[in-house]
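Asker:
Protein chains: 2
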Amino acid sequence: MNTGMPLSRVNGEAGGQLSVTDRGLLFGDGVFETLAVRDARPCLWARHMARLQAGCHRLGIAPVDEARLRTEVDELLQAAPAAAQSVLKIIVTRGTGTRGYRPDPGAVPTRIVQLHDWADRDSGETGIKATLCSLRLGNNPQLAGIKHLNRLEQVMARSEWDDPGIREGLLLDQAGRVIEGTMSNLFLVKDGLLTTPDLARCGVAGIMRDVVLELAGRQAIDTRVSDVGLDALFQADELFVCNSLIGIWPVVALNSNRYPPGAVTSGLQSRLQDYDDDHHTWRA
Amino acid sequence: MNTGMPLSRVNGEAGGQLSVTDRGLLFGDGVFETLAVRDARPCLWARHMARLQAGCHRLGIAPVDEARLRTEVDELLQAAPAAAQSVLKIIVTRGTGTRGYRPDPGAVPTRIVQLHDWADRDSGETGIKATLCSLRLGNNPQLAGIKHLNRLEQVMARSEWDDPGIREGLLLDQAGRVIEGTMSNLFLVKDGLLTTPDLARCGVAGIMRDVVLELAGRQAIDTRVSDVGLDALFQADELFVCNSLIGIWPVVALNSNRYPPGAVTSGLQSRLQDYDDDHHTWRA
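Each protein sequence line maps, in turn, to chains A and B.
If you're matching positions, the first sequence starts at 360 in my numbering and goes up one per residue.
If you're matching positions, the second sequence starts at 360 in my numbering and goes up one per residue.
#1: For a test of the three-state rule: what should DSSP assign to A/Q533, helix, strand or coil?
#2: Could you run through the segment 583-616 of chain A and flag, in chain order, every residue whose CB is less than 8 angstroms away from some CB of chain B?
#3: Does A/P440 pass the burial test, meaning 16 or more other C-beta atoms within 10 Å, or should it be called exposed?
#4: Rounded C-beta distance between B/G389 and B/R453? I'm assuming under 8 angstroms.
#5: Check B/H336 in the structure and name its three-state DSSP category.
#6: Compare the Cα-Cα distances from A/A438 to each of A/A399, A/N498, A/N616, A/R577 and report the closest residue.
#7: Who are the neighbours of B/P365 on chain A, taking C-beta pairs under 9 angstroms?
#8: Scan the segment 542-624 of chain B and note each continuous beta strand (DSSP E) run of 3 residues or more that stays entirely inside, going in chain order.
#9: If we count the other Cβ atoms within 10 Å of its Cβ and call it buried at 16 or more, is A/Q594 buried or exposed?
#10: Going by DSSP, what residue range makes up the alpha helix (DSSP H) through A/R425?
#11: What are the partner residues of B/F391, as DSSP defines its beta bridges?
#12: For a contact meaning CB atoms closer than 9 angstroms, what does B/I471 contact in chain A?
#13: What's the C-alpha gap between B/E545 and B/G626?
#14: Leaving out five residues before and five after A/L508 in sequence, what residues of the same chain have Cβ atoms less than 8 angstroms from its Cβ?
#15: Looking at the unbroken beta strand (DSSP E) that takes in A/A489, where does it start and where does it end?
#16: So, is B/R617 buried or exposed, given that buried needs 16 or more other C-beta atoms within 10 angstroms?
#17: How long is the line joining the alpha carbons of B/V379 and A/G419, rounded to whole angstroms?
#18: When Cβ atoms are compared, which residues of the segment 498-522 of chain B fall closer than 7 angstroms to chain A?
#19: For the beta strand (DSSP E) containing A/H475, name the first residue and the last one.
#20: Just checking my contact of A/C601 with A/S543 at CB under 8 angstroms: how many whole Å lie between their CB atoms?
#21: Could you check whether the Cβ of B/P556 sits closer than 8 angstroms to any Cβ belonging to chain A?
#22: Just how far apart, CA to CA, sit A/L531 and B/D557?
#23: With a cut-off of 8 angstroms on the beta carbons, I'd call A/H547 and A/T582 a contact; round off their distance for me.
#24: Looking at the strands, I want to know which residues DSSP matches up with A/A373.
#25: Which residues, taken in chain order from the segment 535-569 of chain B, show a beta carbon closer than 8 angstroms to some beta carbon of chain A?
#26: Verify whether the separation of the beta carbon atoms of A/Q653 and A/N498 is less than 8 angstroms.
#27: Taking the CB atoms as reference points, tell me whether B/S445 and B/W404 lie closer together than 8 angstroms.
#28: Determine contact between the segment 501-519 of chain B and the segment 561-575 of chain B, defined as no fewer than three beta-carbon pairs at a distance below 8 angstroms.
#29: Which word fits B/G375, buried or exposed, when buried means at least 16 other C-beta atoms lie within 10 angstroms of its C-beta?
#30: Where does B/V514 fall in DSSP's three states?
#31: Spell out whether any CB of chain B is found under 8 angstroms from the CB atom of A/D388.
#32: Can you tell me where the alpha helix (DSSP H) with B/Q412 in it begins and where it stops?
#33: Going straight from the alpha carbon of B/Q578 to that of B/L631, what length do you get?
#34: At least one CB of chain B closer than 8 angstroms to the CB of A/L494: is that the case?
#35: Grouping DSSP H, G and I as helix and E and B as strand, with all else coil, what is A/T628?
#36: By how many angstroms is the C-alpha of B/A612 removed from the C-alpha of A/H639?
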């Protein structure tokens, strides 16, 4: 259950207030990360930090002081009531600025950390229903892959359905290529080949997508990152979506299409827990 | 000169602080308007309000209480030191929300008003130099035309040049069509025909663009809204950009191309001041 206001810090200060001159608000000029927290530990921290820094670099935002950010996160976690699981959101914006799009080269990035309740994210592990969204993602290679704060497309896509039985919506791009879910990346399996859409033109390159690709490599599953058409989606043997919070959710229904539970998906699901987050390796 | 922090109100409250759970920050989930203020009066108010409401409607954001917003703006203007000209920025977001893209149907929009110094916006009236940006706008008909808060493309495009002698950058879309400037709309004149790019796929439909189109109609200038290619841009007789703050700026140089001052542009420029903002008509 969501109890409303999350616990938060802005540049280390307790409280949930931000300057209205912050470019995160004015232009969506920043990046974010969403991490699972288990037993008061943010999971896949190093991977999330690497993506955060890469996103900042591509947008020309000054690098984040990771040690300081981690201290702020730890303080936030210590201040929170004990919970087996929670959700950590980290936002880094370009900082405050004068009016106008031009970034100030001297801008000091704003760090925002928020701790949210876990809510109901576990029930999809046995399989979910998904829908195909009518909104199509715009292509922009310069922004593709980055988990930036310009997320109106996801908001509009997520507005397309109300049915709580549908847990995710899948998105095509303007050319009709299958790209991702509104909050997840997508994989499909056909004749033993694991494919996930190429994100060179649009989409968010998820941390769990990387983990799944790495795991598939270790399991010697044939894997391909390529353009995916709608036909391939409907003809797949198995389909799943993934992100840092949900892990892997098999998709068992997409509109009127049905996908039986599959061995590749369940094999990846069962191996996910073997990732050793402390040593960035896989347990045997 | 920009003196830094603007005067601001958030939902009528003095001060420049916003909740970090506001969807304007989280997703760029909102719209904005930038108005010229002359002699303590926001110019083209009715037109800006119409666009603001239209943008909210398209995004599924609840309508804005215009009377209340105007009261907040007037309070802001009364609190400000007297200035012949200033810049009013109005932001409306979907409001605060729980984590996740799905909009809460009961969300109460956040109103933010900011008053900025005028800065140096007048010097372009005799003609400016512009550059062609390498960033290309992504196409998304569902968001096209709306002045929403997802503005990373403009930020990245505006980062492409440092030369203070260059006052605007022109943007193409992914297909190579000419669309707009980073902060302005674009018009070109060829053999007496006035053309501005179609914004059905991307771009911001500016208030001054509408005013110019209306004025051109009244002056019986042949006018067309259509796709514009790069060739047409370079072969134009006259070129100008416009927005609510600058009015019309002739473009006299674009990369190595030169455009002599033209009669259509100067005719429109001189007639702009004849718009009667009180009665939404043109003085004879």
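For each residue, glycine too, the CB sits at the ideal point set by N, CA and C.
This one's a predicted model, so the numbers in the text were calculated from it and none came from an experiment.
Answerer: The answer reads as follows:
#1: Residue state, collapsed to three classes: coil.
#2: The residues in question: there are none.
#3: Classification of A/P440: exposed, given that the 10 Å Cβ count is below 16.
#4: About 6 angstroms; that satisfies the 8 angstroms criterion.
#5: Residue coverage of chain B in this structure runs from 360 to 643, which leaves residue 336 of chain B outside it and unanswerable.
#6: Of the listed residues, the one whose Cα sits closest to A/A438 is A/A399.
#7: Chain-ordered, the chain A residues with CB closer than 9 angstroms to the CB of B/P365 read V379, T380, T457, R458.
#8: Complete beta strand (DSSP E) runs here, min 3: 544-549, 552-556, 582-585, 597-602, 606-613.
#9: A/Q594 counts as exposed, since fewer than 16 other beta carbons sit within 10 angstroms of its beta carbon.
#10: It should be noted that the sequence gives Glu, not Arg, for residue 425 of chain A. From DSSP, the alpha helix (DSSP H) with A/E425 extends over 425-438.
#11: According to DSSP, which records beta bridges pairwise, B/F391 is partnered with B/I450.
#12: Near B/I471 (Cβ distances below 9 angstroms), the residues of chain A are V379, L384.
#13: Reading off the sequence, residue 545 of chain B comes out as Leu, not Glu. Taking the straight line from one Cα to the other gives about 16 angstroms.
#14: Exclusion of the five residues before and after A/L508 leaves G383, G387, D388, G389, V390, F391, I450, T452 as the residues of its chain whose Cβ lies within less than 8 angstroms of its Cβ.
#15: It spans 487-496 - the beta strand (DSSP E) in which A/A489 sits, taken as one unbroken run.
#16: By the 10 Å Cβ count, B/R617 comes out exposed.
#17: Note on geometry: alpha-carbon atoms of B/V379 and A/G419 lie some 23 angstroms from one another.
#18: Listed by position, the residues of the segment 498-522 of chain B near chain A (Cβ gap below 7 angstroms) are N498, N499, Q501, L502, H507, L508, N509, R510, L511, E512, Q513, V514, M515, R517, S518.
#19: Counting along the chain, the beta strand (DSSP E) containing A/H475 begins and ends at 469-476.
#20: Contact between A/C601 and A/S543 holds: their C-beta atoms lie close to 6 angstroms from each other, under 8 angstroms.
#21: With 8 angstroms as the cut-off, B/P556 does not count as an interface residue toward chain A.
#22: Going from the Cα of A/L531 to the Cα of B/D557 covers about 24 angstroms.
#23: Just to set this straight, residue 547 of chain A is Leu in the shown sequence, not His. Contact flag wrong, Cβ pair sits at about 11 angstroms.
#24: For A/A373, the beta-bridge partners assigned by DSSP are A/R368.
#25: Hits within the stretch, in order: T541, M542, C561.
#26: Residue 653 of chain A falls outside the range modelled here, since chain A spans only 360 to 643, and no answer is possible.
#27: For B/S445 and B/W404, no; Cβs fall outside 8 angstroms.
#28: Contact between the segment 501-519 of chain B and the segment 561-575 of chain B is present, because at least three Cβ pairs lie under 8 angstroms.
#29: Its Cβ being crowded by 16 or more others within 10 Å, B/G375 is buried.
#30: Helix.
#31: Chain B, which has a Cβ nearer than 8 angstroms to the Cβ of A/D388, makes this yes.
#32: 404-418 is the span of the alpha helix (DSSP H), which, as asked, contains B/Q412.
#33: Taking the straight line from one Cα to the other gives about 12 angstroms.
#34: With its beta carbon less than 8 angstroms from one in chain B, A/L494 belongs to the interface.
#35: Strictly speaking, residue 628 of chain A in this sequence is Gln, with Thr absent from that position. In the three-state scheme derived from DSSP, where H, G and I count as helix and E and B as strand, A/Q628 is classed as helix.
#36: Distance between the alpha carbons of A/H639 and B/A612: 55 angstroms.
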